[in-house]
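Here's the structure we're looking at; comments come further down.
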Amino acid sequence: MRRNLVETILGAVVLLVAAGFLIWAYNRSSVSTTGGYELKALFDRVDGLEVGADVRVAGIRVGKVVDQFLDPETYRAVVVFTVKDDVRLPKDSTAAVVSSGLLGSKYLNIVPGAEDAHLGPGDAITFTQPALNLEELIGKFVFGGAGAAAGGGNP
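Residue numbers (this note's numbering): 22 to 176.
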(Lines of atoms letter the chains of each structure in order from A and count residues from 1; the text may use other names and numbers.)
(Lines give C-alpha, C1' and ligand atoms only; values in the text may rest on other atoms or scores of the structure.)
Protein backbone atom coordinates (compact mmCIF):
# COMPACT_ATOMS: atom_id res chain seq x y z
CA MET A 1 0.00 0.00 0.00
CA ARG A 2 2.83 2.40 0.90
CA ARG A 3 4.61 1.70 -2.41
CA ASN A 4 1.43 2.48 -4.33
CA LEU A 5 1.11 5.86 -2.57
CA VAL A 6 4.73 6.82 -3.33
CA GLU A 7 4.32 5.91 -7.00
CA THR A 8 1.09 7.91 -7.21
CA ILE A 9 2.67 11.01 -5.63
CA LEU A 10 5.75 10.70 -7.84
CA GLY A 11 3.57 10.36 -10.94
CA ALA A 12 1.57 13.44 -9.97
CA VAL A 13 4.77 15.46 -9.47
CA VAL A 14 6.07 14.38 -12.90
CA LEU A 15 2.76 15.37 -14.53
CA LEU A 16 2.78 18.77 -12.79
CA VAL A 17 6.36 19.45 -13.91
CA ALA A 18 5.49 18.43 -17.48
CA ALA A 19 2.39 20.65 -17.48
CA GLY A 20 4.42 23.55 -16.09
CA PHE A 21 7.02 23.10 -18.81
CA LEU A 22 4.35 23.06 -21.53
CA ILE A 23 2.79 26.27 -20.19
CA TRP A 24 6.22 27.92 -19.99
CA ALA A 25 7.12 26.84 -23.54
CA TYR A 26 3.80 28.05 -24.94
CA ASN A 27 4.10 31.46 -23.27
CA ARG A 28 7.71 31.80 -24.37
CA SER A 29 7.05 30.89 -28.00
CA SER A 30 3.95 32.94 -28.71
CA VAL A 31 3.82 36.70 -29.12
CA SER A 32 0.82 38.22 -27.45
CA THR A 33 -1.34 40.07 -29.95
CA THR A 34 -3.27 41.90 -27.26
CA GLY A 35 -2.13 45.46 -26.87
CA GLY A 36 -0.40 45.49 -30.26
CA TYR A 37 -1.42 47.47 -33.30
CA GLU A 38 -2.35 46.27 -36.76
CA LEU A 39 -0.49 47.15 -39.98
CA LYS A 40 -0.68 46.04 -43.61
CA ALA A 41 1.90 45.31 -46.27
CA LEU A 42 1.20 45.16 -50.01
CA PHE A 43 3.03 42.51 -52.05
CA ASP A 44 3.09 41.27 -55.63
CA ARG A 45 3.33 37.70 -54.25
CA VAL A 46 3.58 36.06 -50.82
CA ASP A 47 4.46 32.45 -51.71
CA GLY A 48 4.44 30.29 -48.58
CA LEU A 49 3.67 33.00 -46.01
CA GLU A 50 0.96 31.67 -43.70
CA VAL A 51 -1.40 33.27 -41.21
CA GLY A 52 0.29 32.92 -37.82
CA ALA A 53 3.79 33.41 -39.26
CA ASP A 54 6.25 35.53 -37.30
CA VAL A 55 6.88 39.20 -37.95
CA ARG A 56 10.51 40.05 -37.15
CA VAL A 57 12.64 43.16 -36.89
CA ALA A 58 16.41 42.55 -36.79
CA GLY A 59 15.69 38.85 -36.25
CA ILE A 60 13.56 39.48 -33.14
CA ARG A 61 9.92 38.37 -33.15
CA VAL A 62 7.71 41.45 -32.69
CA GLY A 63 4.35 40.25 -34.00
CA LYS A 64 2.35 37.80 -36.08
CA VAL A 65 0.60 37.67 -39.44
CA VAL A 66 -3.14 37.70 -38.75
CA ASP A 67 -4.66 37.74 -42.25
CA GLN A 68 -3.85 37.80 -45.95
CA PHE A 69 -6.08 38.41 -48.93
CA LEU A 70 -6.07 39.54 -52.55
CA ASP A 71 -7.01 43.17 -53.23
CA PRO A 72 -9.64 42.85 -56.00
CA GLU A 73 -8.78 46.26 -57.49
CA THR A 74 -4.97 46.07 -57.66
CA TYR A 75 -4.55 42.28 -57.67
CA ARG A 76 -1.86 42.60 -55.03
CA ALA A 77 -1.57 40.46 -51.92
CA VAL A 78 -2.42 42.31 -48.71
CA VAL A 79 -0.81 40.93 -45.56
CA VAL A 80 -2.31 42.10 -42.28
CA PHE A 81 -0.09 41.74 -39.22
CA THR A 82 0.19 42.92 -35.64
CA VAL A 83 3.19 44.55 -34.01
CA LYS A 84 3.85 45.06 -30.29
CA ASP A 85 2.94 48.53 -29.00
CA ASP A 86 6.51 49.32 -27.94
CA VAL A 87 7.81 48.80 -31.52
CA ARG A 88 7.35 52.03 -33.49
CA LEU A 89 8.14 51.57 -37.18
CA PRO A 90 9.10 54.54 -39.39
CA LYS A 91 6.80 55.24 -42.36
CA ASP A 92 9.54 54.37 -44.88
CA SER A 93 10.10 50.87 -43.47
CA THR A 94 10.32 47.96 -45.91
CA ALA A 95 8.81 44.49 -45.62
CA ALA A 96 10.05 41.26 -47.19
CA VAL A 97 8.89 37.66 -47.14
CA VAL A 98 11.94 35.60 -46.21
CA SER A 99 12.65 31.99 -45.32
CA SER A 100 14.19 30.85 -42.06
CA GLY A 101 16.33 28.35 -43.96
CA LEU A 102 16.54 26.47 -47.22
CA LEU A 103 13.42 24.46 -46.41
CA GLY A 104 12.26 26.51 -43.43
CA SER A 105 9.00 28.32 -42.92
CA LYS A 106 8.50 31.86 -44.22
CA TYR A 107 8.20 34.94 -42.05
CA LEU A 108 7.68 38.66 -42.57
CA ASN A 109 10.89 40.64 -42.07
CA ILE A 110 10.57 44.37 -41.44
CA VAL A 111 13.54 46.66 -42.05
CA PRO A 112 12.95 50.00 -40.30
CA GLY A 113 13.48 53.14 -42.35
CA ALA A 114 14.99 56.45 -41.28
CA GLU A 115 11.94 58.72 -41.39
CA ASP A 116 10.88 60.53 -38.20
CA ALA A 117 7.16 59.89 -38.73
CA HIS A 118 5.91 56.47 -37.62
CA LEU A 119 3.28 54.09 -38.97
CA GLY A 120 0.02 54.13 -37.06
CA PRO A 121 -2.67 51.48 -36.63
CA GLY A 122 -4.12 50.48 -40.01
CA ASP A 123 -1.30 52.05 -42.06
CA ALA A 124 0.29 50.13 -44.93
CA ILE A 125 3.90 49.41 -45.83
CA THR A 126 4.19 49.87 -49.58
CA PHE A 127 7.94 49.27 -49.94
CA THR A 128 8.00 45.47 -50.15
CA GLN A 129 10.03 42.61 -51.59
CA PRO A 130 8.21 39.45 -52.66
CA ALA A 131 9.15 35.96 -51.57
CA LEU A 132 12.01 34.32 -53.43
CA ASN A 133 10.56 31.49 -55.49
CA LEU A 134 13.11 28.67 -55.18
CA GLU A 135 11.50 26.48 -57.83
CA GLU A 136 11.72 29.29 -60.37
CA LEU A 137 15.35 30.01 -59.47
CA ILE A 138 16.36 26.33 -59.73
CA GLY A 139 14.48 26.04 -63.04
CA LYS A 140 16.42 28.97 -64.48
CA PHE A 141 19.69 27.43 -63.36
CA VAL A 142 18.91 23.92 -64.61
CA PHE A 143 17.46 24.99 -67.96
CA GLY A 144 20.16 27.48 -68.91
CA GLY A 145 18.75 30.80 -67.72
CA ALA A 146 21.54 31.26 -65.18
CA GLY A 147 24.40 30.78 -67.68
CA ALA A 148 23.29 33.67 -69.86
CA ALA A 149 22.78 35.88 -66.83
CA ALA A 150 26.26 35.04 -65.54
CA GLY A 151 27.92 35.91 -68.84
CA GLY A 152 28.39 32.30 -69.90
CA GLY A 153 26.71 32.66 -73.31
CA ASN A 154 28.34 32.70 -76.75
CA PRO A 155 30.02 35.97 -77.85
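A virtual CB, placed ideally from N, CA and C, is assigned to each residue, including glycine.
The straight-line gap separating the alpha-carbon atoms of ARG109 and LEU123 is approximately 30 Å.
For GLY143, the CB contacts under 7 Å within the same chain, skipping 5 residues up- and downstream, are GLU59 in chain order. Only buried fits SER114, as 16 or more other CB atoms lie within 10 angstroms of its CB. A distance of 8 Å or more separates the beta carbons of THR149 and ALA79.
In its chain, beyond the 5 residues on either side, PRO111, ASP113 and SER114 have a beta carbon closer than 6 Å to the beta carbon of GLY134. VAL87 is not bridged by DSSP to any residue.
Counting along the chain, PHE148 sits inside the beta strand (DSSP E) bounded by residues 148 to 150. VAL119 sits away from PHE64, with the two beta carbons spaced by 8 Å or more. Burial is judged here by how many other beta carbons sit within 10 angstroms of a residue's own beta carbon; ALA138 has fewer than 16 and is exposed.
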